[in-house]
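For the sequence shown, this note's numbering assigns the number 441 to the last residue and increments by one with no breaks. No residue lacks a Cβ here, since even glycine has one placed at the ideal position from N, Cα and C. A quick note: this is a predicted structure, and the numbers were derived from the prediction, not measured. Notes follow once the structure below has been shown.
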Amino acid sequence: MASTDMKLSHILRKAECGEPLSSLELQYLLGLSKPDELNQVFKLARSLRNRYFENKVFLYSFIYFSTWCRNNCTFCYYRKSNRYPSRYRKTESEVLEAAMGAAESGVHLIDLTLGEDPFYYKRYGFSSLVELAKKVKMNTGLPVMISPGVVPAQVLSELSLVGVDWYACYQETHNRELFKQLRIDQNYDLRFSNKQKAMHSGLLVEDGILAGVGETLSDIAVSIKSMFRLGAHQVRVMSFVPQKGTPMEQWQTPPRIRELLIIAVLRIVMPDRLIPASLDVDGIEGLQARLNAGANVITSLIPPKLGLAGVAQSTKDINEGFRTVQGVIPVLKQMGMRAASLEDYYGWVIREKEKLRMLQSQEMRAL
Ligand code: SAM
Ligand code: MD0
Ligand code: SF4
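In structure tokens:
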């Protein structure tokens, strides 16, 4: 066997037994390019996923209900200074209608997402956000995720109290210099510590990174280790998609192998965590490859015909109905996978929340 083959087998064997991998080992995996080697990595990622989740996939509905934003992230279509997007802020009843429709279609979770909309940052604004999340939870009976950007700690604890289950807030990169270039005039530590505060309030947390925004393999390894240390319950990567009217408009989208390898390495490092295959990058076409790389959640399912947008792909596959439960089931079937039951999903969420509570009380006792 050539020495590179031995190196790969050695790393994969370690990973299979649950031994931690070093940063250099992660970079070695992330730098692979030969089809046969990639297949070995994806195969291990799938087998680790199946160890914890069998062939069951969770389905998340995405409701981007306000596209107003006070920030100027260089990669984002909805950045404040972009004049192209048609901005909207859906009313409470519009959001409830979309959420109830999604619940009937069989999703396991409703992800309520918004820009850092100045409407909510004004006096009492956040109370309407908390109220909205509470109503979505009560009316759908489903677990709820909220993705509002950085919000005050008090708001996180109120969200948790009204029954919100998840806080999603992607660092994009865990390299502070790169962060500064991507999230202009935003505070790295505030964004990171918001996730820790959310966990202290009893919320499950999702962190994530962008691929193709100038990061090195070492940056990716640092991110993966940071998300592991944070104890994030769900971890994602999305390929950057260039957006009209933004400073990164002329950039190229990265080759997909980068995102797929990151998904696989996330799975290898955090085998029992949730890892999305987002429909927001390549739509339904890109689903199979992401699941084959070890993802176990399909995100960015969007109810058609309600005028709701995606983020990286603001319109792709939405009104055609491909970003729906019905649209993804045939792909799952063809792959020998299936949608989990709501009991499966609730079971996972409740167990993880219970673990968070135990951790909290241990920490309290240690004080
Ligand atoms: N405004 C909130 C925030 O920034 O946390 C929540 C919504 S934000 C639009 C959701 C995520 O979409 C971003 O954190 C980023 O990871 C991803 N995203 C935004 N623009 C993208 C693009 N052009 N390509 C790929 N992903 C993108
Ligand atoms: C997705 N478009 O899942 C959504 C979004 C925000 N929590 C999620 C980036 O791809
Ligand atoms: Fe606003 Fe979020 Fe887009 Fe940044 S990523 S500009 S915070 S909507």
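Y194 sits in a helix when the DSSP states are folded into three classes. Contact between V315 and Q387 holds, with the beta-carbon distance rounding to 6 angstroms and staying under 8 angstroms. T214: member of the alpha helix (DSSP H) spanning G199 to T214, first to last residue.
Q101 carries a helical assignment under DSSP once its states are collapsed to helix, strand and coil.
Distances from the alpha-carbon of E289 to those of S313, W240, A242 and N213 put S313 closest. For S121, the enclosing alpha helix (DSSP H) starts and ends at P109 to F127. By the criterion of a C-beta distance shorter than 8 angstroms, V181 is surrounded in its chain by L133, Y134, S135, L216, L375 and V399, once the five residues flanking it on both sides are discounted.
Annotation for C147 indicates a beta carbon within 7 angstroms of some heavy atom of the ligand SF4. Between the ligand SF4 and the CB of R310, the shortest heavy atom gap is not smaller than 7 angstroms. Taking C-alpha positions only, P321 is separated from R87 by approximately 43 angstroms. A direct Cα-to-Cα measurement between I184 and Q324 gives close to 33 angstroms. With contacts defined by Cβ atoms closer than 8 angstroms, L104 and V339 form a contacting pair. In the DSSP assignment, A351 falls outside any alpha helix (DSSP H) and within the unbroken beta strand (DSSP E) covering P350 to S352.
Taken atom to atom, the span from the alpha-carbon of L361 to that of M438 is near 43 angstroms. Taking 8 angstroms as the cut-off, the Cβ atoms of N124 and G410 do not count as close.
The criterion of a C-beta distance shorter than 8 angstroms is not satisfied by V229 and K211. Counting only runs that start and end inside the segment 202 to 287, the alpha helix (DSSP H) elements of at least 4 residues fall at 227 to 235, 250 to 256 and 262 to 274. Annotation for T78: the continuous alpha helix (DSSP H) segment containing it runs S77 to E90. Annotation: K254 to V423 spans about 33 angstroms, alpha carbon to alpha carbon. Around the CB of L233, 16 or more other CB atoms lie within 10 Å, so the residue is classed as buried. DSSP places M322 in the coil class of the three-state scheme, outside both helix and strand.
For I403, no beta strand (DSSP E) encloses it; the enclosing alpha helix (DSSP H) starts and ends at V399 to Q408. Residue E99 holds the alpha-carbon nearest to the alpha-carbon of A295 among E99, H84 and D418. Under the criterion of beta carbons closer than 8 angstroms, G223 and E190 qualify as touching, at roughly 4 angstroms. By the Cβ neighbour-count rule, E394 is exposed, with fewer than 16 other Cβ atoms within 10 Å of its own. The continuous beta strand (DSSP E) containing L375 extends over residues V371 to L375. Non-local C-beta neighbours of Q317 in its own chain, meaning closer than 6 angstroms and more than five positions away in sequence, comprise Y151, ordered along the chain.
Per DSSP, the beta-bridge partners of T187 are Y138 and S221.
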